[in-house]
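Letter by letter, the sequence shown follows residues 832 to 989 in this note's numbering. Down below is the structure, laid out as structure tokens.
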Amino acid sequence: MAMGLTRPGKRQRGSRRAPMAEINVTPFVDVMLVLLIIFMVTAPLLNTGVPVELPDSRANALPEDAEPITLSIASDRTIYFNEDRLAPGELPERLANVSPDPSGKLPQITLRADRLLDYGVVMAVMGELNRSGFNQIALVTNSTAAPPASIAGSDGEQ
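What follows is the structure in structure tokens.
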């Protein structure tokens with residue numbers, strides 16, 4: 832008689848089992864890894880803000896230090912300080928307001944200029960940067976595997 836502890840009609844299976852209290856974290860980790868990959872791929876694309884048609888170059892990329900200042904010169908000669916559009920003549924004032932880091936170094940300047948600009952416009956901006964004490968200026972170009980068409984025939988081949 833001690834064997835029949837359950838009522839007839841009730842199933843004994845699962846009635847004495849405790850609910851599972853652990854959370855399966857594998858799907859959570861999978862989702863987080865996918866999000867991490869998405870952010871790693873899209874983060875470099877968020878670096879540029881002003882649409883500028885860059886010239887081509889075969890130079891190697893420079894290593895990036897701390898947060899550089901980006902100066903962009905559009906084809907209509909408008910100058911952008913990071914994302915901010917500058918009024919004519921405002922560049923020297925903005926450069927004077929840049930403070931050096933704790934070691935006393937000024938940040939690196941990344942210069943992006945439209946390929947259709949006159950050489951003199953770019954050199955005028957670079958001269959203003961030099962006058963303000965900025966000596967680390969990186970010129971941004973599109974990287975290409977082949978020599979640009981403008982210098983492809985310079986080695987004597989036609």
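Glycine included, every Cβ here is placed at the ideal spot set by N, Cα and C.
- Residue burial classification, Ala927 (beta-carbon count within 10 angstroms, cutoff 16): exposed
- Which residue or residues does DSSP assign as beta-bridge partners of Ala944? Ile904
- Query: Pro938 to Pro858, Cα distance in whole Å?
  - Reply: 43 Å
- Message: Using the Cβ count rule (16 or more neighbours within 10 Å means buried), how would you classify Arg943?
- Response: buried
- Query: Name the DSSP bridge partner or partners of Arg916?
  - Reply: Tyr911
- Message: Can you tell me where the alpha helix (DSSP H) holding Ile868 begins and where it ends?
- Response: Note, Ile868: alpha helix (DSSP H), 857-873.
- Since Leu937 is in the beta strand (DSSP E), which residue starts that stretch and which ends it? Here Leu937 belongs to no beta strand (DSSP E), and DSSP marks it neither H nor E.
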